[in-house]
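Asker:
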Amino acid sequence: MNPMILFILLFSLAMGTITTLSSYHWLLAWIGLEINTMAIIPIITKKHHPRATEAATKYFLTQTAASTLILLSSTLNAWTTGQWTITELHHPLAMMMLTLAVAMKLGLAPTHFWLPEVMQGTTIKTAVLLTTWQKIAPLTFIYLTSNHLSSKMLFTLGLLSVMLGGITGLNQTQTRKIMAYSSIAHMGWLTMILTLNLNLMTFTLMLYITMTTSSFMILLMSESKTMTDLGLAWTTSPTSMLLLMLSLLSLGGLPPLSGFMPKLLILKEMTMLNMISMSTILALSALPSLFFYLRLSYLMLMTIPPTTTTTEHKWRHKNNTLKITAQLFIITTTLLPITPLVNKIL
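Sequence positions in the sequence shown follow mature numbering (1 follows the signal peptide of the UniProt record, and there is no 0) and run -16 to -1, 1 to 330.
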């Protein structure tokens, strides 16, 4: 793709999200979402492959349906209340339609089927955008309207996403699909805490973006698209595979890594509100996700395949991406000791 065209698309992608973030008017926020969607579709089809075209079509149809629901919800609310302010959402049907639309845009279960297929048809770079930056604009809507949305509906969607994201990711062999189901599960955690503590939701989102980006950077550097590729990647760069293992285990929420902190704080918040049974189910639902992260880590580090090369490691001729992502890995792995401070601030 022409660098100038790519710059315009990325600039439009950023401006669409920023427009939604800074808007209190329904139509302006909706326009920001549409700019964001129109900018990402050419980036998805950049590969010029039938799978990429199929992924872009699925993404377009899903996002269009969700945007239509958002527009219908805002129009219905404006018709009954007489104002277009996002924070003034009072009509019950409008609340339900907005929740379903945002669930579809985020890839929450049961409207999650498009996300793994779209990510599988794109490049790893585009998959990073789909699982990180593209989550910010839809979350803005439920952030601004969280006081008016149905808690029961959000809890149901969140719990279902955590359960299905972990269970359906168990039989996957493609790394992009595994990261897609990881994204579904993490969006479930975000939805669970949304109506309880908005500051904790924001912190969890920032940490999730950091952990996912650091994992994808190693996958991009090692060109690992399947579990088989990961098994062979140790001879390319042992350090990269070690850092990828730590990033994946942090995504799974294994102590003493940073990913354990938001899960601990979310479960503590729910327990303090006497939501014992739901927090127990949520904690148990996180175990399948941790299992497929552990399986990837075992495959990368503890099963060295037979090799015909006479040297211990392959010749390394690629640029070292670790220098760029060093800060991401520090955040991904070493934040757990500051949990009491974060808990006090949040």
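All residues carry an ideal CB built from backbone N, CA and C; glycine is no exception.
T292 to T219, Cα distance in whole Å?
Answerer: Position 308 of the sequence shown holds residue 292. Position 235 of the sequence shown holds residue 219. Note on T292: pLDDT 48, under 50, position unreliable in the model; no value is reported.
Asker: Would you report the Cα separation of L133 and G149, rounded to the nearest angstrom?
Answerer: What you label residue 133 is simply residue 149 of the sequence shown in a count that begins at 1. What you label residue 149 is simply residue 165 of the sequence shown in a count that begins at 1. About 23 Å.
Asker: Per DSSP, what are the beta-bridge partners of H9 in this structure?
Answerer: The residue you call residue 9 lines up with position 25 of the sequence shown. Paired residues: T69.
Asker: Report all residues from its chain with a CB closer than 8 Å to the CB of M137; omit the five preceding and five following residues, and keep chain order.
Answerer: Within the sequence shown, residue 137 is the residue found at index 153, counting from 1. Around M137: M80, T83.
Asker: What are the boundary residues of the alpha helix (DSSP H) that includes S130?
Answerer: The sequence position of residue 130 within the sequence shown is 146, counting from 1. First-last for S130: undefined, no H or E at that position.
Asker: Going residue by residue through the region 133 to 218, where are the continuous alpha helix (DSSP H) segments of at least 4 residues, counting only ones entirely within it?
Answerer: Fully enclosed alpha helix (DSSP H) runs of 4 or longer: 135 to 151, 159 to 178, 182 to 206, 211 to 216.
Asker: Is S135 buried or exposed, if buried means 16 or more other CB atoms sit within 10 Å of its CB?
Answerer: By one-based count along the sequence shown, residue 135 stands at place 151. Classification for S135: exposed.
Asker: To the nearest angstrom, how far is the alpha carbon of H301 from that of L285?
Answerer: Residue numbering aside, residue 301 sits at position 317 when the sequence shown is read from its first letter. Residue numbering aside, residue 285 sits at position 301 when the sequence shown is read from its first letter. Any reading at H301 needs caution, since the residue's pLDDT is 47, under 50, leaving its predicted position unreliable; the model's value is listed next. Cα-Cα distance, rounded: 22 Å.
Asker: Kindly list the residues whose CB is nearer than 6 Å to the CB of L228, restricted to its own chain and excluding five residues on each side of it in sequence; keep chain order.
Answerer: By 1-based counting over the sequence shown, the position of residue 228 is 244. Same-chain partners within the cutoff: I202.
Asker: Please report the straight-line C-alpha distance between S198 and W63, rounded to a whole angstrom.
Answerer: Position 214 of the sequence shown holds residue 198. Position 79 of the sequence shown holds residue 63. Between S198 and W63, the C-alpha separation is close to 45 Å.
Asker: Determine the contact status of I25 and A40, defining contact as a CB-CB distance below 8 Å.
Answerer: For this step, residue 25 is matched to residue 41 along the sequence shown. For this step, residue 40 is matched to residue 56 along the sequence shown. Contact flag set, yes.
Asker: Alpha carbon to alpha carbon, how far is P222 from A85? Give it in angstroms, no decimals.
Answerer: If you number the sequence shown from 1, residue 85 lands on position 101. If you number the sequence shown from 1, residue 222 lands on position 238. C-alpha separation (whole angstroms): 43 Å.
Asker: If you follow the alpha helix (DSSP H) that S273 is in, where does it begin and where does it stop?
Answerer: Translated into the one-based positions of the sequence shown, residue 273 becomes position 289. First-last of the alpha helix (DSSP H) with S273: 260 to 285.
Asker: So, is T212 buried or exposed, given that buried needs 16 or more other C-beta atoms within 10 angstroms?
Answerer: By 1-based counting over the sequence shown, the position of residue 212 is 228. Exposed: under 16 other Cβ atoms inside 10 Å.
Asker: Between the region 87 to 96 and the region 138 to 148, are three or more C-beta pairs nearer than 8 Å?
Answerer: Result yes; three or more Cβ-Cβ pairs closer than 8 Å.
Asker: Measuring only the C-alpha atoms, how far is I120 from A93?
Answerer: Here residue 120 refers to the residue found at position 136 when the sequence shown is read from its first residue. Here residue 93 refers to the residue found at position 109 when the sequence shown is read from its first residue. Each residue's alpha carbon lies about 18 Å from the other.
Asker: Is the region 234 to 253 touching the region 267 to 276 in the sense that three or more CB pairs, one from each, lie closer than 8 Å?
Answerer: Short answer: they touch.
Asker: Note down the Cα distance separating E253 from L189, rounded to an integer number of angstroms.
Answerer: Numbered from 1 along the sequence shown, position 269 holds the residue referred to as residue 253. Numbered from 1 along the sequence shown, position 205 holds the residue referred to as residue 189. Distance between the alpha carbons of E253 and L189 is about 16 Å.
Asker: Quick test of your reading: N(-15) and G(-1), contact by CB under 8 Å. State the CB separation rounded to the nearest angstrom.
Answerer: Looking up residue -15 in the sequence shown gives position 2. Looking up residue -1 in the sequence shown gives position 16. 20 Å between Cβ atoms; not a contact.
Asker: Looking at L280: is its Cβ nearer than 8 Å to the Cβ of L232?
Answerer: Here the question's residue 280 lines up with position 296 in the sequence shown. Here the question's residue 232 lines up with position 248 in the sequence shown. A contact, by the Cβ cut-off of 8 Å.
Asker: Where I54 and V146 are concerned, what is the direct C-alpha to C-alpha distance, given to the nearest angstrom?
Answerer: Within the sequence shown, the letter at position 70 stands for residue 54. Within the sequence shown, the letter at position 162 stands for residue 146. Near 24 Å, if we compare the C-alpha coordinates of V146 and I54.
Asker: For the alpha helix (DSSP H) containing A111, name the first residue and the last one.
Answerer: Mapped onto the sequence shown, residue 111 falls at position 127. Segment 108 to 115, the alpha helix (DSSP H) holding A111.
Asker: How do the region 308 to 316 and the region 156 to 176 stand: do at least 3 beta-carbon pairs fall below 8 Å, yes or no?
Answerer: They do not touch, by the three-pair rule.
Asker: As a quick exercise: from T175, L12, G105, pick the residue whose alpha carbon is nearest that of I28.
Answerer: Here residue 28 refers to the residue found at position 44 when the sequence shown is read from its first residue. Nearest option by C-alpha distance: G105.
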